[in-house]
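Trainee:
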C-alpha cells in the first residue's frame with residue numbers, strides 16, 4: 010500500500026530537548042516536504058527536498074532542520090524546541106511536477 | 002511570493018443544502034489542486050485542474066478553474082454529514098512547491 014509514515018503520532022516534550030520526527034514514503038517519490046498546521050493559518054511549508062541531498066527552506070524554516078540521505082526518508086529535527094513550535098506537523102511526498110501530494114497521518118507535538 | 006486566498010474561512014451548512022468555497026490567486030496558476038482534511042485526519046487529494054475554464058465533477062462535487070487561471074471554486078450539492086472537514090486549494094510555486102490556502106472549514110448541521 011502506497012503510504013507516507015510519520016512517527017511518532019503524538020509527542021509531548023520539554024523546551025530545549027532535541028527531538029526528531031521521522032517520515033518515510035514507499036512510493037519512490039523524489040519530492041518530500043514538511044508542513045506545520047496551526048489554527049487559522051492553514052498549511053505552512055517548513056522545508057522541502059527535491060531529491061537526495063537536495064533540501065531547501067520553505068516559508069517557516071526557523072528552528073528546524075532536515076536531512077535527505079536516502080530517497081525514502083526525510084526526518085524533521087528540532088534541535089532546541091520551544092513552545093511556539095507546538096503544532097500539528099505533516100510530512101508529504103509527491104512524484105514530480107503537477108502530481109498530487111500524499112500526506113502522512115500527522116504528528117501532534119506539544120512543547121512545554 | 003505567490004499567495005492563494007480562500008474564502009470563506011468557515012462555513013456552517015445545513016444538511017441537504019448546497020455550498021461553494023472559493024480560491025483566488027494574485028498570479029496566474031499553472032494548475033490548482035484541491036484537498037480535503039477530515040477532522041483529526043490528514044489532507045487527502047481530491048482533484049487537479051489544469052486548463053483554463055476547466056470543469057470537473059466527482060459525484061456531488063463540481064470543481065471549476067477560472068478562465069484567467071487565477072481562481073477556482075468547489076461546489077458541493079446536497080451536503081451530507083460526510084462532507085464535514087476542511088477544504089484546501091493549492092497552487093504550484095517554483096521548485097515544484099505547493100502554496101496552500103488557509104482552508105475552508107465546513108461544519109454540517111444535521
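Residue numbers (my numbering), protein chains in the order written: chain A, 10 to 121; chain B, 2 to 111. Ideal Cβ positions, reconstructed from N, Cα and C, are used throughout, including at glycine. Owing to the predicted nature of the structure, the values given are computational and were not obtained by experimental measurement.
What does residue 57 of chain A reach in chain B if we use C-beta pairs closer than 7 Å?
Mentor: Neighbours of residue 57 of chain A on chain B, chain order: 98.
Trainee: With a threshold of 8 Å on Cβ separation, who are the neighbours of residue 59 of chain A within its own chain once the five nearest residues in sequence on each side are excluded?
Mentor: 39, 40, 65, listed in sequence order.
Trainee: Relative to chain B, which residues along the region 85–119 of chain A have a C-beta separation below 9 Å, given in chain order?
Mentor: So the list reads 99, 101, 103, 105, 106, 107, 108, 109, 110, 111, 112, 113, 114, 115, given in the order they occur along the chain.
Trainee: Mind checking the region 16–35 of chain B against chain A and listing, in chain order, the residues whose C-beta falls within less than 9 Å of any C-beta there?
Mentor: Taking 9 Å as the Cβ-Cβ cut-off against chain A, the residues of the region 16–35 of chain B that qualify are 31, 32, 34.
Trainee: Assign residue 77 of chain B to one of two classes, buried (16 or more other C-beta atoms within 10 Å of its C-beta) or exposed (fewer than that).
Mentor: Per the 10 Å Cβ criterion, buried.
Trainee: Please report whether the beta-carbon of residue 44 of chain B lies at a distance below 7 Å from any beta-carbon of chain A.
Mentor: Yes, residue 44 of chain B lies at the interface with chain A (some Cβ there is under 7 Å from its Cβ).
Trainee: In chain A, what lies closer than 8 Å to residue 103 of chain B by C-beta?
Mentor: Near residue 103 of chain B (Cβ distances below 8 Å), the residues of chain A are 49, 50, 51.
Trainee: Taking one C-beta from the region 13–24 of chain A and one from the region 44–57 of chain A each time, how about it: are there three or more such pairs within less than 8 Å?
Mentor: Contact fails: fewer than three Cβ-Cβ distances are below 8 Å.
Trainee: Need the endpoints of the beta strand (DSSP E) that residue 179 of chain A sits in, please.
Mentor: Because chain A here runs from 10 to 121, residue 179 of chain A falls outside it and cannot be looked at.
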